[in-house]
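Peer 1: If you're matching them up, the sequences are chains A and B in order.
According to UniProt numbering, the residues represented by the first sequence are 1 to 689, in order.
According to UniProt numbering, the residues represented by the second sequence are 1 to 357, in order.
Built from N, CA and C at the ideal position, the CB exists for glycine as well.
Provided herewith is a single structure, encoded as structure tokens, for subsequent inquiry.
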Amino acid sequence: MPPKEKVESTEQVLQAVILADSFDERFQPITLETARCLLPLCNVPLISYTFEFLAVAGVQEVFVFCCSHSDKVKAFVKKYEKSSNMKINTIVSQELMSVGDAMRELDAKQLIDTDFILVTGDVVSNMKLDQVLEEHRARRQADKSAIMTMVLKKASPQHRSRSVGDGSLFVLDQGSKECLHYQPVKAFKSTREDRRMTMNMEIFDKHPEIQLRNDLIDCQVDICSVEVPALFTENFDYQDIRADFVHGILTSDLLGKTIHFHEVSDVYAARVRSTQMYDAVSKDIISRWTFPMVPDSNLQVGDCYEYRRGLVYKEKSVVLSRTCVVEEKVVIGANTQIAERAVLSNCVIGKNCIIGANVKIDNAYIWDNVVIKDNCVVQHSIIANDAVLEQGVTINKGCLISFKVTVGANTTVPAYSRLTALAEGEDDDSDAELISDPAVVGATGRGRSFTEAEGSDDEDEDEDPKNKQVNMLAFDMSELLLATKEQEDSASDFESEASDLEEDQISPEEELDREVAATLDRAFQDGHDVDIAVLELNTLRMATFSNFKEMRKRVIPGVLKHIDPAARPGSGKTAKEILNRWGSLVGKMIHDEEDQLDGAYVLQRACATLYQDVAQAQRVFAPALRYFYDEDILEEDAILEWYHSEKSQQGTDVERQLREVAVPMIQYLEQSESEESDDDDEDEDEDSE
Amino acid sequence: MSKNNELVDDLVAKLKRRQLVGSSAVAHATLKLLIVVISKNNWSTCNQLLNVVKSVGQRLVQANPTELAVGNIVRRVLHVIREEFREAESSASTNKNQSEFHAAPLTTSSSMYNLLGETNSIPDDNVQYPSSLRSNIIQEIREIKDELENIYDSIKNQASLQIHSNEIIMTIGRSKTVEEFLKMAAVKRKFQVLVAESAPSYSGQDMAVELSKAGIETTVIPDSAVFAVMSRVNKVILGTHAVLANGGLVAISGTHMMAAAAKHHSIPVVVCTGLYKLSPLYPYDEDSFNVTFNPDSVLGFEEGDLIDKVTVTNPYYDYVSPDFVNLFITNQGGHPPSYLYRLIVENYDPNDHTFDL
């Protein structure tokens, strides 16, 4: 029986898993209406490139995981399957929120029984996987713990097809082709952890030579073994395949699994992760870096693009007027008409579009059935299907104009606008009316501007907003850095609106006030030990970089506050009772004579401010001073110095009256001191004798 | 039928993905497929069969329009089908003067007479064809196959007529035909070969290795040195990807430069090619049959800062106009460019230049 199994395993079909959902919102509002993987890239749906890539690799069976807009994906896949020789299964699950969920689903359904290729539905690549597969299999034969092979591509740091916000740091062993450590790198490192990397030192014991690489494009093409989905199930909190899974596996001592890599250099591989990458990958396709996946290969059935000089791709049925200018790097889809004197450069125009006279289109991506009337200017933007730009519209860079939006005549759409024709808060079935915003789309327009918050925001809350921005279409890094300053200036406006954000905006002093008060309240309420309260306060002091003086200023009133001058003995609220219980807390904040003096001042002021009535204040102050003296928290030198100092005699009336309360005590102290000194003298005399 | 479609789909996909490239390989695959299509499909009349073959041909040609050999083979097959039907018809309608009828269409199809006279060269659909027709057609197509297989033999046999002792021959790129040709010549003669390295594919280097293995004195020169050494060369022997109707070549990039240098020095340019590379299509646009490859080999993709700012193109082929070429050596003998129109008429039917149904 076993030999037969072996025969089967060599003949096993090559399987691949495509994660068709992106699990993020970078293409919104366009992705509110269709799936990310169906967006046209150079007039071919994105996922077609992935299918093609897998077909070339010899994949026979594909599982497509989709969540949002699954019906559309399903319909497309069904159509596509007919013209391909792969078996494509669509798996729909509405609960998919991350890569991890998809992998767990995969494990639950037991669809995979051999090593498989895991890709996302937005990979564009012309690499041949046979060598990678061979390497992976050979490694598996030798060592069962090698569970995954990542395919990485080398590229210079400023490369356009490197996603700006999605950098990664790899620690690699070139000898064994093993990945030893992984860390994602953000474009803007706002927190201290972002700027640091922690690595297990044991790596150095096992691997005499390692490389730390930041020059690799990670397009998330992985050859995974069947253990990978199972490991996702075991570690149910893994979401991301890189930040959670790879990082987790490599840092775990228990699992003992290894992850390998395969570095490619002379092939193309990129992921359309963001609008910025959409732009870069489109340009790479037009510039033929993805050859043979170029428009004139006509990957899609029915396409008939021809290549012309200057990287111009034109369908046969395009109507170009005599005076229109088609400059470099242009793709024009079937049945599109370009009117007189229109100028097109660096752009992709879909099927059945009508481009009016004198229109200027630069760097833009115009999808199917778009009508652009005379004298429009479109710069570096994406315009989705069925949108209409009336006469004289100007679209500035970085705009996303979603499906069926109409921009009224002579409107200027500001840079980085996102327009949608979906009604606000519209789900799939609600029939809310679209309220067009004339300020945005003009008087005759149809659509409104889209704000990010509408979508369920499950991005990390601590994420720097700048990291999101760098992924945007046409984003200029220099502009971003300039804008940051403005943003910080305008932050105060923000504060009043968003109460959640208040925390970040208050001064550190106020924050300390609040924290100390909260700590003390907790301690009083829950009846903590003094030691615990002290520990908490000390942690707080260190966390806020403040000193004991600051703490005294807050702790002494904090304790005194709880004294009820009118309370009867036995109620637990008299000055004596409170001080017996919590007085030593103050003691922990006082260390040397200077502290004592300061403590006395603080005590005086605290009593004066806490209790308006002089009698009440005196009733608190006297026992407090007494207590502190008895407990040696305030020594007599400090109290005397306080009493005689000018500072204590100034201040408000209440403060001065409080000083008077201390008079009997001072007299007593002075007396005892002189007695003491007499004693001392006597002693000295004795000694000298 | 579905099996057929699967085979067609498979070949279409391979052509699209460029998993199958090169005139010879493509021609063989096309012919093999067409034999299956003709033998497995149901057809009873000439038009039916022509349409079946045409529709397959159209798909194959669209899959990769730059592999002209695909279209050429389909046209050859269509031509054979017409001939066979004509023959069958003539034998069915009359048994006498068979040979006369048989010859008639060939001579008239290309003459002015044909334009004005009867045009129904396609046989009537009502004729009852002999049952041997199918096998006859297959037989004829197999002959094309044999021709393809023996192409190198018939070309290389002319080698000793073209290459003389102590000559210096220049060539570019790697062409199997030229390689066989030179190797054959080396059996009898002693001569020297200069091979331009043919950047960025550097296929000239592989060619040089092959030639030197066969004992030919071979030198690799950079492409830029072609003009400089041309004055010492006796003959330029070129391979080609395709030959167009006007005698122009679609050949590896650098060929145009070499041919122009040869013309400047009045050095004869000889092109070795099988007839299956001869296409009845006319180059209205120089770029129309060119392929632009991944620019990676010209400027590495790693140079991220640069590739944003420049446009890099990497055309694989050159168009060489017919006035640069002195002689074509085909499997049917040597022909000047001006004679190619005649070969086209003999091998292809004028109705088949496009595959519109």
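Where Q94 (chain A) and G392 (chain A) are concerned, what is the direct C-alpha to C-alpha distance, given to the nearest angstrom?
Peer 2: The residue labelled residue 94 (chain A) in the question sits at position 94 within the first sequence. The residue labelled residue 392 (chain A) in the question sits at position 392 within the first sequence. When rounded, the distance between both Cα atoms is 43 Å.
Peer 1: For chain B, is any of its Cβ atoms less than 7 Å away from the one on P45 (chain A)?
Peer 2: In the first sequence, the residue the question calls residue 45 (chain A) occupies position 45. Chain B, which has no Cβ nearer than 7 Å to the Cβ of P45 (chain A), makes this no.
Peer 1: DSSP three-state label for T255 (chain B), please.
Peer 2: Your numbering for residue 255 (chain B) matches position 255 in the second sequence. Of the three classes helix, strand and coil, the one that applies to T255 (chain B) here is helix, per DSSP.
Peer 1: Rounded to whole angstroms, what is the Cα-Cα separation between L299 (chain A) and D356 (chain B)?
Peer 2: The sequence position of residue 299 (chain A) within the first sequence is 299, counting from 1. The sequence position of residue 356 (chain B) within the second sequence is 356, counting from 1. Rounded to whole angstroms, the separation of the alpha carbons of D356 (chain B) and L299 (chain A) is 21 Å.
Peer 1: Buried or exposed: where does N375 (chain A) fall if 16 or more other Cβ atoms within 10 Å of its Cβ makes it buried?
Peer 2: Position 375 of the first sequence, counted from the start, is the residue given in the question as residue 375 (chain A). Flag for N375 (chain A) reads buried.
Peer 1: Using 7 Å as the threshold, is the C-beta distance between I216 (chain B) and T171 (chain B) below it?
Peer 2: Residue numbering aside, residue 216 (chain B) sits at position 216 when the second sequence is read from its first letter. Residue numbering aside, residue 171 (chain B) sits at position 171 when the second sequence is read from its first letter. The answer is no: Cβ separation not under 7 Å.
Peer 1: Hey, K277 (chain B) and V320 (chain B): beta-carbon distance below 7 Å or not?
Peer 2: Here residue 277 (chain B) refers to the residue found at position 277 when the second sequence is read from its first residue. Here residue 320 (chain B) refers to the residue found at position 320 when the second sequence is read from its first residue. No. Outside cutoff.
Peer 1: Does the CB of R18 (chain B) have a neighbour CB from chain A at under 7 Å?
Peer 2: Taking the first residue of the second sequence as position 1, residue 18 (chain B) is located at position 18. Closer than 7 Å: yes.
Peer 1: In its own chain, which residues sit with a C-beta less than 8 Å from the C-beta of V407 (chain A), not counting the 5 before and 5 after it?
Peer 2: As a first step, residue 407 (chain A) must be located in the first sequence, where it is residue number 407. Cβ within range, chain order: A387, V388, L389, E390, V393, I395, I401, V413, L419, V441, G442, G445, G447.
Peer 1: Short of 9 Å Cβ to Cβ, which residues in the region 33 to 63 of chain B face chain A?
Peer 2: Q62, A63
Peer 1: Measure the alpha-carbon distance for E302 (chain B) versus S156 (chain A) and round it to whole angstroms.
Peer 2: If you number the second sequence from 1, residue 302 (chain B) lands on position 302. If you number the first sequence from 1, residue 156 (chain A) lands on position 156. Each residue's Cα considered, the two are about 5 Å apart.
Peer 1: Across the region 101 to 108 of chain A and the region 222 to 236 of chain A, are there enough close Cβ pairs to call them in contact, namely three or more that are closer than 8 Å?
Peer 2: yes
Peer 1: Kindly indicate the opening and closing residues of the alpha helix (DSSP H) around K553 (chain A).
Peer 2: What you label residue 553 (chain A) is simply residue 553 of the first sequence in a count that begins at 1. It spans 548 to 560 - the alpha helix (DSSP H) in which K553 (chain A) sits, taken as one unbroken run.
Peer 1: From L344 (chain A) to H262 (chain A), what does the alpha carbon distance come to, in whole angstroms?
Peer 2: Taking the first residue of the first sequence as position 1, residue 344 (chain A) is located at position 344. Taking the first residue of the first sequence as position 1, residue 262 (chain A) is located at position 262. If I take the Cα positions, the gap works out to 40 Å.
Peer 1: Smallest Cα separation from A225 (chain B): which of B:K145, B:R18, B:L211, B:A199?
Peer 2: The sequence position of residue 225 (chain B) within the second sequence is 225, counting from 1. Selected option, being the one with the closest Cα: B:A199.
Peer 1: So, I155 (chain B) versus T177 (chain B), is the Cβ gap smaller than 7 Å?
Peer 2: Position 155 of the second sequence, counted from the start, is the residue given in the question as residue 155 (chain B). Position 177 of the second sequence, counted from the start, is the residue given in the question as residue 177 (chain B). For I155 (chain B) and T177 (chain B), yes; Cβs fall inside 7 Å.
Peer 1: So, is the C-beta of F293 (chain B) closer than 7 Å to a C-beta in chain A?
Peer 2: Numbered from 1 along the second sequence, position 293 holds the residue referred to as residue 293 (chain B). Proximity of F293 (chain B) to chain A, defined by a Cβ-Cβ separation below 7 Å, is satisfied.
Peer 1: Beta-carbon within less than 6 Å of P40 (chain A)'s beta-carbon, same chain only, minus the 5 sequence neighbours each way: which residues are those?
Peer 2: Taking the first residue of the first sequence as 1, we reach residue 40 (chain A) at position 40. Closer than 6 Å at the Cβ level, and outside the excluded window around P40 (chain A), lie W367.
Peer 1: Shorter than 7 Å from the beta carbon of S492 (chain A) to some beta carbon of chain B?
Peer 2: Start at 1 with the first residue of the first sequence, and residue 492 (chain A) comes out as number 492. The predicted model places S492 (chain A) with a pLDDT of 40, which falls under 50 and marks its position as unreliable; any figure quoted below should be read in that light. Answer no: the Cβ-Cβ gap between S492 (chain A) and chain B never drops below 7 Å.
Peer 1: Within this structure, are the beta carbons of I151 (chain B) and G274 (chain B) separated by less than 7 Å?
Peer 2: Counting from 1 along the second sequence, the entry for residue 151 (chain B) is found at position 151. Counting from 1 along the second sequence, the entry for residue 274 (chain B) is found at position 274. Going by C-beta atoms, I151 (chain B) is nearer than 7 Å to G274 (chain B).
Peer 1: Could you give the DSSP three-state label for R271 (chain A): helix, strand or coil?
Peer 2: Position 271 of the first sequence, counted from the first residue, corresponds to residue 271 (chain A). Reduced to three states, the DSSP call for R271 (chain A) is strand.
Peer 1: Would you say the region 246 to 260 of chain B touches the region 218 to 230 of chain A, given that touching needs at least three Cβ pairs under 8 Å?
Peer 2: no
Peer 1: Leaving out the 5 sequence neighbours to the left and right, which residues in its chain are closer than 6 Å to V371 (chain A) when beta-carbon positions are compared?
Peer 2: Against the first sequence, residue 371 (chain A) aligns to sequence position 371. Within the same chain, V371 (chain A) has close Cβ partners I354, V388.
Peer 1: So, with DSSP's three-state summary, where would you put P295 (chain B)?
Peer 2: Looking up residue 295 (chain B) in the second sequence gives position 295. Correct three-state label for P295 (chain B): helix.
Peer 1: Along the chain, where does the alpha helix (DSSP H) containing T50 (chain A) start, and where does it finish?
Peer 2: Walking along the first sequence from the start, residue 50 (chain A) turns up at place 50. Where T50 (chain A) is concerned, the enclosing alpha helix (DSSP H) stretches over 46 to 56.
Peer 1: Does the Cβ of R619 (chain A) have 16 or more other Cβ atoms within 10 Å, making it buried, or fewer, making it exposed?
Peer 2: For the purposes of this step, residue 619 (chain A) is identified with residue 619 of the first sequence, where counting begins at 1. Counting Cβ neighbours within 10 Å, R619 (chain A) comes out buried, since at least 16 surround it.
Peer 1: Under a CB-based cut-off of 7 Å, is E302 (chain B) close to chain A?
Peer 2: Your numbering for residue 302 (chain B) matches position 302 in the second sequence. Closer than 7 Å: yes.
Peer 1: Is it buried or exposed for H264 (chain B), if we count other Cβ within 10 angstroms and need 16 for buried?
Peer 2: Reading the second sequence from its first residue, position 264 is the one you call residue 264 (chain B). Exposed, because fewer than 16 other Cβ atoms sit within 10 Å of the Cβ of H264 (chain B).
Peer 1: Under 7 Å between C-beta atoms, does D296 (chain B) make it to chain A?
Peer 2: Walking along the second sequence from the start, residue 296 (chain B) turns up at place 296. Chain A contact via Cβ: present.
Peer 1: Should D308 (chain B) be flagged as near chain A, meaning a C-beta pair shorter than 7 Å?
Peer 2: Taking the second sequence and counting its residues from 1, the one referred to as residue 308 (chain B) is at position 308. Yes, because at least one Cβ of chain A sits closer than 7 Å to the Cβ of D308 (chain B).
Peer 1: Could you confirm whether any beta carbon from chain B is found closer than 7 Å to the beta carbon of F65 (chain A)?
Peer 2: Along the first sequence, read from residue 1 onward, the residue named residue 65 (chain A) stands at position 65. F65 (chain A) does not count as touching chain B.
Peer 1: Can you tell me where the beta strand (DSSP E) with H260 (chain A) in it begins and where it stops?
Peer 2: Start at 1 with the first residue of the first sequence, and residue 260 (chain A) comes out as number 260. Unbroken beta strand (DSSP E) run through H260 (chain A): 258 to 264.
Peer 1: Give the secondary structure of H380 (chain A) by DSSP, where H, G and I count as helix, E and B as strand, and everything else as coil.
Peer 2: Stepping through the first sequence from its first residue, residue 380 (chain A) is reached at position 380. Reduced to three states, the DSSP call for H380 (chain A) is coil.
Peer 1: Do you know how far the Cα of I117 (chain A) is from the Cα of D215 (chain A)?
Peer 2: In the first sequence, the residue the question calls residue 215 (chain A) occupies position 215. In the first sequence, the residue the question calls residue 117 (chain A) occupies position 117. Approximately 23 Å between the Cα atoms of the pair.
Peer 1: Of all the beta strand (DSSP E) runs that stay within the bounds of the region 260 to 342 of chain B, which reach a length of 3 or more residues?
Peer 2: 269 to 272, 317 to 320, 327 to 330, 333 to 335
Peer 1: Please report the distance separating the alpha-carbon of S288 (chain B) from that of E52 (chain A).
Peer 2: One-based indexing of the second sequence puts residue 288 (chain B) at position 288. One-based indexing of the first sequence puts residue 52 (chain A) at position 52. Rounded to whole angstroms, the gap between the alpha carbons of S288 (chain B) and E52 (chain A) is 25 Å.
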